[in-house]
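Residue numbers 250 to 725, in our numbering, belong to the letters of the sequence shown in order. Worksheet for the structure shown next.
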Amino acid sequence: MTRFEYAPAPESRSIVDIRSSYGLFIDGAFTDGTGGRKTVNPATEEVLAEVTEAGAAEVEAAVAAARRAYTNVWGPMRGAERAKYLYRIARIVQERARELAVLESIDNGKPIRESRDVDVPLVAAHFFYYAGWADKLKHAGFGHDPRPVGVAGQVIPWNFPLLMLAWKIAPALACGNTIVLKPAETTPLTALAFAEICQQADLPPGVVNIVTGGGETGRLLVEHPDVDKVAFTGSTEVGRAIAKSVAGTRKRVSLELGGKAANIVFDDAPIDQAVEGIVNGIFFNQGHVCCAGSRLLVQESVADELLESLKRRMAQLRVGDPLDKNTDVGAINSSAQLDRIRELSAAGDDEGAQRWSPPCELPERGFWFAPTIFTGVTQAHRIAREEIFGPVLSVLTFRTPAEAVEKANNTPYGLSAGVWTDKGSRILRIADQLRAGVVWANTFNKFDPSSPFGGYKESGYGREGGRHGLEAYLAH
Ligand code: NAD
């Protein structure tokens, strides 16, 4: 059969205007940039900008600005008034959608198709959704007069930089809290663009403050005594450290941590759709997804057929330039993350699993890893237990539904899972037994602002999204 080649279809980057250096966004204004950290394009290793490393004095200034804004303006403001600002932010995000998508892809390495069609539309959707709640909090089921918590210190990771920001900022603002947010060190640019959006929306100074920096900046923020609420998304290891540091204080905490989700395919599942779901589950966003379906559990009787189809499908994936509209799999976000993926994949080889990747040419510069599956994986293997956070799928098999459930739950994590079967009754029975915050049925990686998201066990506690997501930001 003739195979048609794709012509390059690059999105222009002329729409973004990246400054050579950025300061912090405190009390409604940008400070002068003092440098300290470079952010690079992971697809090319080109230095994009220098960003400021916030220290104790800067974190202090940001928290103080947030406190003033909370006491004087945002806390007392009527919900209906706050809603207007959230709607305005949502509309500006939509107006600047193309620019934000290009900026996200340049700084993060994710394909433009994802930043344009998933991340940025969901960012706007979150602000619209929570804008709708701002004047209805009395009807949210958290008491007749729920109050904001106060100043929120929020720390986010690099895999969905702007989307994680929206998950944190939209509900916090809707409930009347003010914010100091720290983006991840490798992806600060869309958070800084968001700071400009706050200015454009005339958000009162100090309501949102953005401080850039590394882990130490994050630590200073969550440990600051005048922070009332800590919201963290990131690794279980750092989440654990944060839980320890705030234990015994009056601070409220929510933690969204790692995952090692099982994607379970039964023998009556429509194989072609399941293959699409498996690919979406693990290769979406290069597998840099906390709820990625990184463990495929396939019923033994259909394992050969499914793996054959999966390999055929994987051979069609286009890996390369994130700004090319045809790209399916972009760059790994950093050299440190690439090292981790390589190290865990090598452990898979050493422990006796069989590695397979489709033939694919990777660019010479930048951080790249080919879509990979490991078969012959047992539950004892590191690649079945540890979060790889890359485009690497571990394949295990099962014979009975009970064995599938036991293997799926055999993990310290509990963020998400997928079930593929033709039978509705089986979906309900299996979903009920899975210890996971989100269970997708005959689909995977579907997100909606109205739907709560969060984990069990070492995947964290608290929920983001939906009505449930308001609870973290209300004192009731
Ligand atoms: P990370 O924990 O290394 O970093 C996350 C953020 O925490 C960064 O901004 C970092 O600077 C900051 N940080 C580091 N040390 C800190 C400290 N001691 N105190 C306060 N802040 C500190 O995680 P990462 O590698 O950036 O992100 C990947 C992880 O995030 C994965 O484990 C993934 O599963 C998880 N994640 C979870 C969700 C979810 O909703 N559950 C969503 C996205 C990512």
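Just so you know, even glycine gets a beta-carbon here, dropped at the ideal spot from N, CA and C.
Straight across, the Cα-Cα distance linking Pro474 with Gly381 is about 32 Å. In the three-state reduction of the DSSP assignment, Gln343 falls in the helix class.
Here Cys424 is near Ala383, since their CB atoms are less than 9 Å apart. Within a 10 Å sphere around the beta-carbon of Gly390 sit fewer than 16 other beta-carbons, which makes this residue exposed. Annotated as distal: His630 and Gly673, with beta-carbon spacing of 9 Å or more. Rounded to the nearest whole angstrom, the CA to CA distance from Lys695 to Arg396 is 31 Å.
At least one heavy atom of ligand 1 falls within 8 Å of the beta-carbon of Glu636.
Ranking Ala401, Glu525 and Leu719 by CA distance to the CA of Met563 puts Glu525 first. Under the criterion of beta carbons closer than 8 Å, Ile632 and Ala602 qualify as touching, at roughly 6 Å. Here Leu611 is not near Trp605, since their CB atoms are 9 Å or more apart. Annotation for Ala303: Leu273, Val460, Thr461, Gly462 and Thr466 place their beta carbon closer than 7 Å to its own, counting only its chain and skipping 5 residues before and after. Annotation: Val300 to Gly282 spans about 7 Å, alpha carbon to alpha carbon. For Leu677, the number of other beta carbons within 10 angstroms of its own is below 16, and it is reported as exposed. Under the Cβ criterion (8 Å, minimum of three pairs), the stretch 333 to 341 counts as touching the stretch 368 to 381. By the neighbour-count definition (other C-beta atoms within 10 Å, threshold 16), Lys387 is an exposed residue. With fewer than 16 other CB atoms across the displayed protein chains lying within 10 angstroms of its CB, Thr627 is exposed. Taking C-beta atoms under 8 Å as the contact rule, Glu554 and Ile527 fail to qualify, at a distance of about 13 Å. Excluding the 5 residues flanking it on each side, Val495 has same chain C-beta neighbours closer than 8 Å at Val471, Glu472, Val479 and Val502, in chain order. For Gly488, the enclosing alpha helix (DSSP H) covers residues Thr485 to Val495.
Counting the other CB atoms within 10 Å of its CB gives Val367 a total of 16 or more, which places it among the buried residues. Put simply, the backbone Cα of Ile513 is about 39 Å away from that of Arg345.
Around the beta-carbon of Ile264, fewer than 16 other beta-carbon atoms lie within 10 Å, marking it exposed.
Closest in alpha carbon position to Glu348, among Ile679, Asn659, Ser261 and Val289, is Ser261. With 16 or more neighbouring CB atoms inside 10 Å of its own CB, Pro698 falls in the buried class. In the DSSP annotation of this structure, the continuous segment of the beta strand (DSSP E) that includes Gly402 starts and ends at Val400 to Val404. In the DSSP assignment, Gly686 falls outside any beta strand (DSSP E), carrying neither H nor E. When secondary structure is reduced to three states using DSSP, Arg337 falls in the helix class. Not one heavy atom of ligand 1 sits closer than 8 Å to the Cβ of Lys500. For Glu299, the uninterrupted beta strand (DSSP E) run begins and ends at Val296 to Thr301, by DSSP. Glu353 is the residue among Ser665, Glu353 and Trp407 whose C-alpha sits nearest the C-alpha of Arg365. With three or more CB-CB distances shorter than 8 Å, the stretch 503 to 512 counts as touching the stretch 527 to 541.
Closest option to Val456, judged by alpha-carbon separation, among Asn408, Ala278 and Pro291: Ala278. By a beta-carbon distance limit of 8 Å, Pro291 contacts Gly358. Their separation comes to about 4 Å. Checking the 8 Å criterion, the Cβ of Trp689 is out of range of every heavy atom belonging to ligand 1. Membership of Val372 in the alpha helix (DSSP H) is indicated by the continuous run Val369 to Trp382. For Ser584, the uninterrupted alpha helix (DSSP H) run begins and ends at Ser584 to Asp599, by DSSP.
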